[in-house]
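**Student:**
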Amino acid sequence: MSAPEKHLRRWQAAGLLDEATAERLRRFEAERSSREREDRPGILEAVVYLGVAIVAVGVAVLIGSSWDELQEWARIAVVAGPAVAALLAGFALRATGQPELVRGGHLAWLVATVLSGVTAGVIADMSDANEDTVFHVSAIVACVVALTLWVVAPSHIQVFALAVALFFLTMAAGTLPDAFDAVLTSLMALGFGAAGLALAEAGLLPPLPTARVMFGLLLAWGGFFGGFEAEWLEAAAFVVAGALIVVSIARGVFVYMVLGLLLGFAALVRAIAMHVEDPTAAALALIVVGVLIVGSIILLARFRARRTASAT
Amino acid sequence: MKDRLVVAAVFVTIAVMGLGAVVVFQYGRHHPSPPSLEAEPNAAIPGRIAFVNDDRCVVVAEASGESREEVYCSDSIAWVSWIDENTLAVASYAPGRENVTEIDLATGKTRETEQPRRFKASSRESVHGEVAGIEYPGKVSVSSEGRRRVIATFDVPENRPPDFVTWSPDGEWLLLQYTGPKASASELWIVSREGATKGTLAKDALGWGPQIVSWWIDGSGYLPELAEEPR
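For the record, the sequence lines run as chains A and B. Residue numbers for the first sequence follow numbering that gives the first Met the number 0, so the first one is 0 and each next one is one higher. Residue numbers for the second sequence follow numbering that gives the first Met the number 0, so the first one is 0 and each next one is one higher.
#1: Less than 8 Å between the CB atoms is what I'm expecting for B:Ser121 and B:Val130, so what's the real figure, rounded?
#2: State the DSSP-derived secondary structure class of B:Ser35, mapped to helix, strand or coil.
#3: With a threshold of 8 Å, are at least 3 pairs of Cβ atoms found where one atom belongs to the segment 279-287 of chain A and the other to the segment 220-240 of chain A?
#4: Can you check whether the C-beta of B:Arg3 is within less than 8 Å of a C-beta belonging to chain A?
#5: Could you compute how far the alpha carbon of A:Phe27 sits from the alpha carbon of A:Thr20?
#6: Could you check the C-alpha separation between A:Pro208 and A:Gly57 for me, to the nearest Å?
#7: What's the C-alpha gap between B:Glu75 and B:Pro209?
#8: Cβ closer than 9 Å: which chain A residues qualify as neighbours of B:Gly132?
#9: Using the Cβ count rule (16 or more neighbours within 10 Å means buried), how would you classify A:Phe227?
#10: Based on the DSSP secondary-structure assignment, which residues constitute the bridge partners of B:Trp207?
#11: Determine the extent of the alpha helix (DSSP H) in which B:Glu68 is found, giving its start and end residues.
#12: Output yes if chain A places a C-beta closer than 8 Å to the C-beta of B:Lys202; else output no.
#13: Indicate whether the contact test is met: 3 or more Cβ pairs, each with one atom in the segment 172-186 of chain A and one in the segment 143-160 of chain A, closer than 8 Å.
#14: Any C-beta of chain A sitting closer than 8 Å to the C-beta of B:Val9?
#15: Would A:Ala162 count as contacting chain B if we go by Cβ distances under 8 Å?
#16: Give me the residue from A:Leu109, A:Ser154, A:Ala164 with the minimum Cα distance to A:Val136.
#17: Taking B:Gly198 and B:Pro34 to be in contact with their CB atoms under 8 Å, please state how far apart those CB atoms are, rounded to whole angstroms.
#18: Is there a C-beta anywhere in chain A that falls below 8 Å from the one on B:Pro156?
#19: Counting only Cβ pairs nearer than 8 Å, list the residues of chain A close to B:Gly137.
#20: Run through DSSP, which three-state label would B:Lys108 get?
#21: Chain B beta carbons: is any one of them nearer than 8 Å to that of A:Gly190?
#22: Going by CA-CA distance only, name the one from A:Ala84, A:Gly225, A:Ala111, A:Val151 that's closest to A:Leu189.
#23: According to DSSP, is B:Arg230 helix, strand or coil?
#24: Going along the chain, which residues of its own chain have a beta-carbon closer than 6 Å to the beta-carbon of A:Leu148, five neighbours each way excluded?
#25: Can you tell me where the alpha helix (DSSP H) holding B:Tyr26 begins and where it ends?
#26: So that I know if they touch, is there some Cβ in chain A lying closer than 8 Å to that of B:Gly206?
#27: Against chain B, with Cβ distances strictly below 8 Å, would A:Met125 count as a contact?
#28: Against chain A, which members of the segment 175-200 of chain B pass a CB distance test of less than 8 Å?
#29: Using DSSP bridges, identify the partner residues of B:Thr165.
#30: Going along chain B in order, which residues have a C-beta closer than 8 Å to the C-beta of A:Val133?
#31: Run down chain B in chain order and give the residues with a C-beta less than 9 Å from the C-beta of A:Leu203.
#32: Decide if B:Trp78 is buried, meaning its Cβ has at least 16 other Cβ atoms within 10 Å, or exposed.
#33: Taking 8 Å as the threshold (beta carbon to beta carbon), is B:Gly19 in contact with chain A?
#34: Which runs of the alpha helix (DSSP H) at least 4 residues long sit entirely within the segment 38-118 of chain A? Give them in chain order.
#35: How about B:Asp54 and B:Cys72: do their beta carbons lie closer than 8 Å?
#36: What does a CB cutoff of less than 7 Å around A:Leu313 pick up in its chain, not counting 5 residues either side in sequence?
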């Protein structure tokens, strides 16, 4: 006997629940558990993942073992072929309508996104482009494919692919100047991260949980990375950390709190490492950081408890 | 779907604005090369310069930029030097030694020398006793009698100054080599000792330093020097 059924019988026996209501509750629970079963990965889904993984490994081994011997057209075909196959497989799996196969289709699209970027890079390389241009072309194509697939069918995996592709685009942007420019990369990441979070919170960038994590990471990384090259971006890391914590409290989103605190501490440790030369002062500063860590854990625990209380 | 297209438009706009601003405003880009002497030859620059290009070929160019010609190719060139006004010596790597081939520029004939000579590092001191210097970030200076003067400043990226290659044999010009951050080949720049005249002789030189370049001026000889004794 399931747990809800036990409760229902007990409440009926105690005269708290009439038969009609109990029946409605049974139907509701039956539908809910059916949906949950569909959402759980099954054997079919596992086989799809296995197939995608085997194809990906096969392509990687083929490329690694015979790349030098391949002619130019063969080099392009060996990455473009699987890219198109993965794209089509994604559409086919999605068309089945079965949740587990649909998720497998999204994974196939992730592979297609990666291979599209690689294909574009190979074509650029064949055209005697320099390595920076190869990187630019790969990142742009991967972004275009990731964004298009997310527009066609937003899913957790597509949001992940989009955020990662945008990350590579920020790195590619950094290589546009003569010397790699961390500030430029950082500013691009801040732009994409902030836009992604704003759109996610506005309900325009589903699924929300993955969008929050991925674009939160992009924003935090953008706030942190440029500080190695520019002092004013060191301060920006603290501003971004503060903003994430404020948004976390305002919107009741735990993941922003975690990201904000991690970014704040990383920025603090970097500031100490880069600017405090006196060992005693550094030790004291580290103690302060330690106290802050403990304090923040307490704050986090209280915040989570308050959220749990308000949810119930 | 409309909402998602709006999201896509936002990301595309950020990408286009960010990348476009870098490309349009040339953010972080440096253009240090002086005007091309091939495009606008300068007859005031005397002599001929032999250098190795990135196809591993020895090129003989009028220093004025008026003409240039490939005279010899080899995959294993170690150094090149003038011997006299019509003869070049080209050393090639071989196991345990260097083979030196002499090229008669008048006839195009080549011959292996029996007693190979050795390349000698170029001197920063000119025949006039002036000393060339390269300073951060892209300044070229000339010092003499305890006085230093900056004769040219190039807009080079950080940590990418041009390298000194050699003085001209008459001591009136400096030959510099510059390799851009994303370039596969090097550029050869000529600067007058007062800095008033600057020009790019080549953009396809090998980036190996002074041993791939040699300057001949009639009546003044050649630089960098070759050591007289065999290896």
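Note that CB positions come from ideal geometry on N, CA and C, so glycine has one too. It should be emphasised that the depicted structure is a prediction, and the values quoted were computed from it without experimental measurement.
**Tutor:** Judging by the given coordinates:
#1: Here residue 121 of chain B is taken as the residue at index 122 of the second sequence, counted from 1. Here residue 130 of chain B is taken as the residue at index 131 of the second sequence, counted from 1. No, B:Ser121 and B:Val130 are not in contact; Cβ-Cβ is about 12 Å, not under 8 Å.
#2: For the purposes of this step, residue 35 of chain B is taken as the residue at position 36 of the second sequence. Looking at B:Ser35 - three-state DSSP - the assignment turns out to be strand.
#3: no
#4: Here residue 3 of chain B corresponds to residue number 4 of the second sequence, with the count starting at 1. Taking Cβ atoms only, chain A reaches closer than 8 Å to B:Arg3, which makes this a yes.
#5: Stepping through the first sequence from its first residue, residue 27 of chain A is reached at position 28. Stepping through the first sequence from its first residue, residue 20 of chain A is reached at position 21. Using only the alpha carbons, I get a separation of about 10 Å.
#6: Locating residue 208 of chain A in the first sequence gives position 209, where the first residue counts as 1. Locating residue 57 of chain A in the first sequence gives position 58, where the first residue counts as 1. One C-alpha to the other measures close to 33 Å.
#7: Position 76 of the second sequence holds residue 75 of chain B. Position 210 of the second sequence holds residue 209 of chain B. According to the sequence displayed, residue 75 of chain B carries Ser and not Glu. Looking at the two C-alpha atoms, the distance is approximately 16 Å.
#8: Mapped onto the second sequence, residue 132 of chain B falls at position 133. What B:Gly132 touches in chain A: nothing, since even the nearest Cβ is about 24 Å away.
#9: Here the question's residue 227 of chain A lines up with position 228 in the first sequence. Burial call: exposed.
#10: Stepping through the second sequence from its first residue, residue 207 of chain B is reached at position 208. The partner list for B:Trp207 (beta bridge, DSSP) is empty, contrary to what the question assumes.
#11: By 1-based counting over the second sequence, the position of residue 68 of chain B is 69. From DSSP, B:Glu68 is part of no alpha helix (DSSP H) but of the beta strand (DSSP E) over 67-72.
#12: For the purposes of this step, residue 202 of chain B is taken as the residue at position 203 of the second sequence. No, no contact with chain A.
#13: no
#14: Counted from its first residue, the second sequence places residue 9 of chain B at position 10. With 8 Å as the cut-off, B:Val9 counts as an interface residue toward chain A.
#15: Counted from its first residue, the first sequence places residue 162 of chain A at position 163. No - not a single Cβ of chain B is within 8 Å of the one on A:Ala162.
#16: In the first sequence, counting from the first residue as 1, residue 136 of chain A sits at position 137. Answer by Cα proximity: A:Ala164.
#17: Taking the second sequence and counting its residues from 1, the one referred to as residue 198 of chain B is at position 199. Taking the second sequence and counting its residues from 1, the one referred to as residue 34 of chain B is at position 35. Yes, they are in contact, since the Cβ atoms of B:Gly198 and B:Pro34 sit about 6 Å apart, within 8 Å.
#18: As a first step, residue 156 of chain B must be located in the second sequence, where it is residue number 157. By this cut-off, B:Pro156 is an interface position.
#19: As a working note, residue 137 of chain B is residue 138 in the second sequence. Near B:Gly137 there are no residues of chain A at all, since even the closest Cβ is about 12 Å away, more than 8 Å.
#20: Looking up residue 108 of chain B in the second sequence gives position 109. It is coil, neither helix nor strand.
#21: As a position in the first sequence, residue 190 of chain A is number 191, starting the count at 1. Closer than 8 Å to some Cβ of chain B, the Cβ of A:Gly190 qualifies, so yes.
#22: Sequence index remark: in the first sequence, residue 189 of chain A carries index 190 (1-based). Considering only alpha carbons, the answer is A:Gly225.
#23: Your numbering for residue 230 of chain B matches position 231 in the second sequence. Reliability fails at B:Arg230, whose pLDDT of 46 lies under 50, so the model's placement of it is uncertain and the value that follows must be treated cautiously. B:Arg230: coil per DSSP, three-state reduction.
#24: In the first sequence, the residue the question calls residue 148 of chain A occupies position 149. The answer, listed in chain order, is Trp108, Gln157.
#25: As a position in the second sequence, residue 26 of chain B is number 27, starting the count at 1. Where B:Tyr26 is concerned, there is no enclosing alpha helix (DSSP H), given that its DSSP letter is neither H nor E.
#26: The residue labelled residue 206 of chain B in the question sits at position 207 within the second sequence. Output row for B:Gly206: interface = no.
#27: Position 126 of the first sequence, counting from 1, holds the residue named residue 125 of chain A. Judged by the 8 Å Cβ criterion, A:Met125 is not in contact with chain B.
#28: Gly179, Pro180, Lys181, Ser183
#29: Within the second sequence, residue 165 of chain B is the residue found at index 166, counting from 1. Looking at the DSSP assignment, B:Thr165 forms a beta bridge with B:Leu174.
#30: In the first sequence, counting from the first residue as 1, residue 133 of chain A sits at position 134. Neighbours of A:Val133 on chain B: none; closest Cβ ~12 Å, over 8 Å.
#31: What you label residue 203 of chain A is simply residue 204 of the first sequence in a count that begins at 1. Within chain B, the residues near A:Leu203 are Asp2, Arg3, Val5, Val6, Val9.
#32: Along the second sequence, one-based indexing puts residue 78 of chain B at 79. Label assigned to B:Trp78: buried.
#33: Indexing the second sequence from 1 puts residue 19 of chain B at position 20. It does not; no Cβ of chain A falls within 8 Å.
#34: 42-65, 71-94
#35: For the purposes of this step, residue 54 of chain B is taken as residue 55 along the second sequence, with counting starting at 1. For the purposes of this step, residue 72 of chain B is taken as residue 73 along the second sequence, with counting starting at 1. A contact, by the Cβ cut-off of 8 Å.
#36: Outside the shown range of chain A (0 to 311) lies residue 313 of chain A, about which nothing can therefore be said.
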